[in-house]
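Following: one structure in structure tokens, then a few remarks.
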Amino acid sequence: MSGGRKHLKKYGELKRKHVHHLKKYGELTANTLKRKHAPKTPSTIKQSSLLKTVSQKSIDKAVVKYVVQGLQPFAVVEQEPFREFVQDLQPNTKILSWPTLRSRVDEASTEMKKVTEAMRGVDRIAATTDCWSARRRSFIGVTAHWIDPDSLNRCSAALACKRLRGSHTFDVLAGALNDIHSEFEIREYAVSMIINILQAETNVQMGWLLPTVNLLITKLDRIKLSLKYCKPLVDALQLGLKKRFSHMFHHPELIAAAIPKFKTTWTKDDATIRMGNIKRVSTKKMKSSGGSRNLQDLPLHASQDDIKQRKVLDLRRWYCISRPQYKTSCGISSLVSCWNFLYSTLGAGSLPPISQEGALQILGFQPPFEEIKFGPFTGNATLMRWFRQINDNFRVRGCSYILYKPHGKHKTAGETAEGALLKLTQGLRDDTMAYIYHCQNHYFCPVGFEATPFKAAKAYRGTLPTNEMEHWILIGEPSRKHPAIHCKKWADIVTDLNTQNPEYLDIRHTERGIQCRKTKKVGGNLHCIMAFQRVNWQKLGPWALNLENLRHDLHHQGSERAQGGLAEAQEDREKTSGKHQALARLGRSNSTGTSNQKDVAWKCLSNTTEYRHRSSAESDLEEDTTDD
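Residue numbering for the sequence shown follows full-length UniProt numbering, starting at 1 and increasing by one per position.
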């Protein structure tokens with residue numbers, strides 16, 4: 001305390017002795033203290049530089065963009081919080097009033113309408129698209145170019161320059177371009193699109209435009225199956241494609257321009273152009289000749305054998321269709337139809353025909369057959385097993401396999417739709433082959449086909465390439481609730497076989513399109529085409545060499561040879577115990593090589609009562625319930 005008093009006393013003495021110095025010191029330090037306690041604001045120099053960075057025009061444009069794209073009311077610029085927000089960001093900025101804002105929006109809309117109206121008055125528009133990336137962000141820019149029909153001046157407009165979300169894939173680019181074209185109403189006017197991403201692509205596949213257009217028409221055919229209300233639109237698109245591009249291919253310079261990374265000026269040889277001119281002149285002459293049009297497509301002669309190659313229907317297959325069926329017995333009905341064609345006198349065999357009831361009794365079922373619920377246990381593998389068991393009963397040889405199943409368990413890996421069609425059409429000409437088509441909740445049998453030319457002038461032409469014909473499959477129906485023979489496009493059948501859960505296509509009702517079933521299973525498809533063959537060891541079809549399906553018969557052939565005289569002695573003993581009973585045992589012994597105990601065990605598993613109340617699938621394939 002004494003020290004503090006001494007300092008205060010000394011300070012008071014100095015203050016009294018140097019009054020004028022103290023006053024001057026206070027004046028010098030007053031400005032410093034004022035700046036220290038004053039609020040912090042940017043200096044004039046810094047503020048001026050800040051104003052130069054963001055102009056009033058840019059701020060007005062940002063406000064207009066905020067109101068338009070954010071769907072804000074014009075009165076938002078009059079609200080005090082909004083004004084404070086802008087003033088805090090840019091203190092010396094003038095904020096637009098709502099009448100001014102409205103006029104700016106009207107001006108922008110008018111400018112956009114002018115561009116839209118200008119492009120609407122022309123027939124052709126060329127657009128360029130530029131895609132680039134910067135700082136891990138993608139952008140897209142689109143410009144439009146056209147010729148003014150009045151002044152013949154080239155006009156250009158920048159349609160968009162915006163952020164592109166996602167990778168530069170075809171679907172993202174197509175979606176962005178579609179939105180931009182729709183905004184300016186030029187979806188139907190843009191006939192050429194130049195995309196600069198091809199410049200960086202080194203593995204672009206060169207292809208002509210004609211296959212692309214044909215592929216597009218084919219895809220539209222498939223899409224039409226899944227549509228309910230827009231089928232006329234798809235028909236109009238297909239008709240427009242054929243109308244627009246039919247004459248284009250007479251101009252080789254347009255064909256060359258349709259190939260990426262190619263320009264007609266890159267080649268010095270203009271022979272192709274001259275050929276195109278000659279072709280174009282000859283085409284005009286053909287059109288002017290009237291009655292002689294398309295005469296080059298008309299054949300001079302058409303033999304019956306040529307037409308038989310395109311139209312195949314063996315009436316014996318139709319005779320063997322077991323119709324009508326029991327409720328949900330389409331599986332066994334179709335199997336009996338195939339067996340009768342292969343082995344009975346109704347078809348190409350020599351045995352008496354069997355009925356559904358006879359086949360069911362051979363398989364261990366007992367009447368009343370109409371009470372049997374076939375659906376839960378009738379599957380693809382079940383039908384092939386029943387085929388072997390019926391063959392064993394009659395001591396005949398045969399094999400079965402899946403001809404075409406693109407998805408799901410036991411799929412035919414590596415088999416294409418074209419290869420399956422070739423095998424199916426060849427097999428329908430062969431009386432040793434029969435087929436069952438498993439579609440949506442149903443089995444029925446293909447009995448023939450027709451290859452229809454695309455052009456009317458080739459209706460009586462002989463041999464034609466496959467790509468110039470459309471194949472239709474004739475299918476025999478065991479249910480009396482439907483026509484006796486269906487005629488379905490092979491393309492629709494392929495669509496059915498390739499549609500995976502939960503979606504499906506009912507081939508008997510293609511007008512319903514692709515539907516969706518209520519199931520927890522996703523992926524896979526039980527639908528397929530199964531082949532059944534009457535086997536002659538001396539002459540075996542090349543497409544029937546399926547080791548997995550033939551190993552059953554090959555194994556038993558070897559076992560019969562090994563047993564030798566034992567089998568013959570067994571035959572002699574069985575003949576003495578009754579002809580009918582011995583024949584059944586001999587059939588099973590010859591084909592399956594199973595003992596009597598295994599035969600009895602199999603019959604126990606085939607008990608009719610058990611099948612009537614069974615709820616789980618028997619086969620190794622999980623099949624859906626079949627209907628009639």
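Ideal placement from N, C-alpha and C gives every residue a C-beta, glycine not left out.
Checklist line | Assigned exposure category for residue 54 - 16 Cβ within 10 Å defines buried | finding: exposed
Notebook entry, point to check: Would you report the Cα separation of residue 162 and residue 57, rounded to the nearest angstrom?
Noted result: 20 Å
Next item on the list: Quick one: grab the DSSP three-state call for residue 135.
Entry: coil
Next item on the list: Could you pull out every residue in the same chain whose Cβ sits closer than 6 Å to the Cβ of residue 502, ignoring the five residues on either side in sequence?
Entry: 516, 517, 519
Item checked: Three-state secondary structure assigned by DSSP to residue 525 -> coil
Item checked: DSSP state of residue 229 mapped onto helix, strand, coil -> coil
Check: What are the partner residues of residue 157, as DSSP defines its beta bridges?
Finding: 144
Item checked: When 508, 470, 130 are compared against residue 221, the one with the closest alpha-carbon -> 470
Next item on the list: State whether the segment 499-514 contacts the segment 341-353, with contact taken as three or more CB pairs (one from each stretch) at a distance under 8 Å.
Entry: no
Check: If you scan the segment 74-128 from start to end, which runs of the alpha helix (DSSP H) of 4 or more residues do you find wholly inside it?
Finding: 80-89, 98-120
Notebook entry, point to check: Can you tell me where the alpha helix (DSSP H) with residue 348 in it begins and where it stops?
Noted result: No alpha helix (DSSP H) contains residue 348, which DSSP labels as neither H nor E.
Checklist line | Exposure label - residue 325; buried when at least 16 CB within 10 Å | finding: buried
Note to self: Mapping the DSSP letters down to three states, classify residue 366 as helix, strand or coil.
What the structure shows: coil
Item checked: Closest residue to residue 363 among 319, 375, 371, 387 (Cα-Cα distance) -> 387
Item checked: Exposed unless 16 or more other CB atoms sit within 10 angstroms - verdict on residue 398 -> buried
Notebook entry, point to check: Using 8 Å as the Cβ pair cut-off and three pairs as the minimum, do the segment 71-86 and the segment 106-120 touch?
Noted result: no
Margin query: Among 524, 468, 322, whose alpha-carbon lies nearest the alpha-carbon of residue 476?
Written below: 322
Check: Should residue 686 go down as buried or exposed, given a rule of 16 or more other Cβ atoms within 10 Å for buried?
Finding: The structure shown does not extend to residue 686, since the chain spans only 1 to 628, so no value can be given for it.
Margin query: Tell me the rounded alpha-carbon separation between residue 62 and residue 89.
Written below: 13 Å
Next item on the list: Could you check if residue 333 is buried or exposed, using at least 16 other CB atoms within 10 Å of its CB as the buried criterion?
Entry: buried
Notebook entry, point to check: Which runs of the beta strand (DSSP E) spanning at least 3 residues fall entirely within the segment 363-442, listed in chain order?
Noted result: 398-404, 433-439
Item checked: Other residues of its chain near residue 444: CB distance less than 7 Å, five sequence neighbours each side excluded -> 330, 334, 437, 475, 476, 477, 478
Item checked: Cα-Cα separation between residue 293 and residue 458, rounded to whole angstroms -> Caution is warranted here: a pLDDT of 44 is assigned to residue 293, below 50, making its placement in the model unreliable, and the coordinate value is therefore given only provisionally. C-alpha separation (whole angstroms): 14 Å.
Notebook entry, point to check: Considering only residues of the same chain and omitting the five flanking positions on each side of residue 405, which have a CB-CB separation below 6 Å?
Noted result: 411, 412, 528
Note to self: I'd like the span of the beta strand (DSSP E) that includes residue 482, first residue to last.
What the structure shows: Careful: residue 482 lies outside any beta strand (DSSP E) and carries neither H nor E.
Margin query: Going by the DSSP bridge assignment, what does residue 130 pair with across the sheet?
Written below: 141
Check: From residue 394 to residue 401, what does the alpha carbon distance come to, in whole angstroms?
Finding: 20 Å
Notebook entry, point to check: Leaving out five residues before and five after residue 584 in sequence, what residues of the same chain have Cβ atoms less than 8 Å from its Cβ?
Noted result: Only weak support exists for where residue 584 lies, its pLDDT of 38 falling under 50; the value from the coordinates is given anyway. Contacts found: 393.
Margin query: Could you tell me the alpha carbon to alpha carbon distance between residue 226 and residue 130, rounded to whole angstroms?
Written below: 35 Å
Check: Is the segment 428-442 touching the segment 335-344, taking contact as three or more C-beta pairs under 8 Å?
Finding: yes
Check: the ligand ADP heavy atoms versus the CB of residue 339: any closer than 7 Å?
Finding: The ligand ADP is not part of this structure, which contains no ligands at all.
Note to self: The beta strand (DSSP E) that contains residue 311, what's its start and end?
What the structure shows: 311-313
Check: What residues in its chain sit with their C-beta under 7 Å from that of residue 176, if we drop five residues either side in the sequence?
Finding: 140, 164
Item checked: Own chain residues within Cβ distance below 7 Å of residue 624, not counting five before or after -> Only weak support exists for where residue 624 lies, its pLDDT of 44 falling under 50; the coordinates are left without a value.
Item checked: Straight-line gap, residue 376 to residue 420 (C-alpha atoms, nearest Å) -> 28 Å
Next item on the list: Could you tell me the distance, in whole angstroms, from the CA atom of residue 173 to the CA atom of residue 97?
Entry: 39 Å
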